[in-house]
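Order-wise, the sequence lines are chains A and B. The opening residue of the first sequence carries number 1 in the numbering used here; numbering runs sequentially from there. The opening residue of the second sequence carries number 1 in the numbering used here; numbering runs sequentially from there. Notes follow the structure.
There are 2 protein chains.
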Amino acid sequence: MIVDPSADDRLDRAFMALADPVRRGIIARLSRGPATVNELAEPFEITKQAVSKHIQVLEQAGLVTRTRDAQRRPVHLDARALQALTAWIDRYRLIHEQRFRNLDELLATSRGTDAAASDAGTSAGTAQEEMES
Amino acid sequence: MIVDPSADDRLDRAFMALADPVRRGIIARLSRGPATVNELAEPFEITKQAVSKHIQVLEQAGLVTRTRDAQRRPVHLDARALQALTAWIDRYRLIHEQRFRNLDELLATSRGTDAAASDAGTSAGTAQEEMES
DNA sequence: TCCTTGATCAACCATTTGATTGATTACAAA
DNA sequence: TTTGTAATCAATCAAATGGTTGATCAAGGA
Chain A
1 MIVDPSADDR LDRAFMALAD PVRRGIIARL SRGPATVNEL AEPFEITKQA
51 VSKHIQVLEQ AGLVTRTRDA QRRPVHLDAR ALQALTAWID RYRLIHEQRF
101 RNLDELLATS RGTDAAASDA GTSAGTAQEE MES
Chain B
1 MIVDPSADDR LDRAFMALAD PVRRGIIARL SRGPATVNEL AEPFEITKQA
51 VSKHIQVLEQ AGLVTRTRDA QRRPVHLDAR ALQALTAWID RYRLIHEQRF
101 RNLDELLATS RGTDAAASDA GTSAGTAQEE MES
């Protein structure tokens, strides 16, 4: 039904998919190789149907794919979606850390010129670039 | 109310917190420096109360902290939580990629010995290590 | 063909989420 | 003290999530 899942939507689904310990457990298991729904359901105390739903969530998030093997339906991890998540996180984490390095430099050069250090940037809205790529 | 938020709970909250474009926008803005609720609410077409709730979600996830400045309450990014997320993701992404490298080696050494390549590992549960650290 | 296994579909239910409006707290300035 | 501003609290609501049970589909094997 969804025609054009925007970048936002894809990030929404992927982050949401990982916001559940069962689904993270499934990802952890799949990092070691493909598995069937029954195999994936085994460690958890919920019904197979519930696990099947979790796999659907992971699939719609692009984190896993399903193939066919007779009546089995092995689930495979797709690491590219994981990489997209770390890319998003690291982007802003690195901007934040760069800001701290710049602040350190500022403090190192203009030592003694106080009052700019305590909460520098509370209303520092210099360049308003795009929020999400 | 919550006494001991487990590692699972913390990951739950953090991933869930990022599964929303408004909250990701807030994180993006805070990567450039602290901001007040009003400043953070400005780009969005929702009420300040809604933004305040989003900030609470981010705060409970450990992604941001709030300080005091008279009647203002500047919000600061806490990059350590972001690092915890990339650590979790990269852990399993790297295991997955290592498995592919191993598979490549296997194919390189025993070329001609087929049938192990198509779906190697469908029931490969060698070592059952802990799912989450 | 009949039966078993693997997996999904469908309907339903309790809880949570995201948002709203209106009232209230906290602080500063007049 | 009164006024104004920043922010949260409280009550409410529609929609989504996570789980269940029961029925159904698909593919082999007896």
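In this text, a Cβ means the ideal position worked out from N, Cα and C, and glycines have one as well.
Nearest-angstrom Cα separation, counted from residue j out to residue i
i, j, result
"residue 34 of chain B", "residue 71 of chain B", "15 Å"
"residue 52 of chain B", "residue 101 of chain A", "29 Å"
"residue 96 of chain A", "residue 27 of chain B", "10 Å"
"residue 58 of chain A", "residue 38 of chain B", "35 Å"
"residue 68 of chain A", "residue 108 of chain B", "26 Å"
"residue 40 of chain B", "residue 54 of chain B", "10 Å"
"residue 20 of chain A", "residue 50 of chain B", "24 Å"
"residue 22 of chain A", "residue 106 of chain A", "46 Å"
"residue 6 of chain A", "residue 45 of chain A", "35 Å"
"residue 16 of chain A", "residue 56 of chain A", "13 Å"
"residue 43 of chain A", "residue 92 of chain A", "35 Å"
Own chain partners of residue i with C-beta closer than 7 Å, once the 5 adjacent residues on each side are dropped
i, result
"residue 88 of chain B", "11"
"residue 24 of chain B", "18"
"residue 62 of chain A", "10, 14, 78 and 81"
"residue 29 of chain B", "35 and 40"
"residue 48 of chain B", "37, 38 and 41"
"residue 60 of chain B", "13"
Contact set for residue i: own chain, Cβ-Cβ below 8 Å, skip 5 residues either direction
i, result
"residue 36 of chain A", "72, 73, 74 and 75"
"residue 90 of chain A", "none"
Nearest residue (CA-CA) to residue i, options the options
i, options, result
"residue 31 of chain A", "B/104, B/98 and B/106", "B/98"
"residue 94 of chain A", "B/83, B/43, B/103 and B/56", "B/83"
Contacts around residue i, its chain only, beta-carbon distance under 6 Å, and the 5 residues preceding and following it disregarded
i, result
"residue 65 of chain A", "76 and 78"
"residue 142 of chain A", "Residue 142 of chain A lies beyond the stretch modelled for chain A, which goes from 1 to 133, so this question has no answer here."
ask   = Mind listing which residues of the stretch 48-67 of chain B have their C-beta closer than 9 Å to chain A's C-betas, in chain order?
value = 67
Output needed in chain order: residues of the stretch 73-87 of chain A with a Cβ under 7 Å from some Cβ in chain B.
74, 77, 79, 82, 83, 85 and 86
If contact means a Cβ-Cβ distance below 7 Å, which residues of the stretch 86-103 of chain B contact chain A?
-> 86, 89, 90, 92, 93, 95, 96, 97 and 99
- Query: Between the stretch 18-35 of chain A and chain B, which residues of the former have CB atoms less than 8 Å from a CB of the latter, in chain order?
  - Reply: 18, 19, 20, 21, 24, 25, 27, 28, 29, 30, 31, 32, 33, 34 and 35
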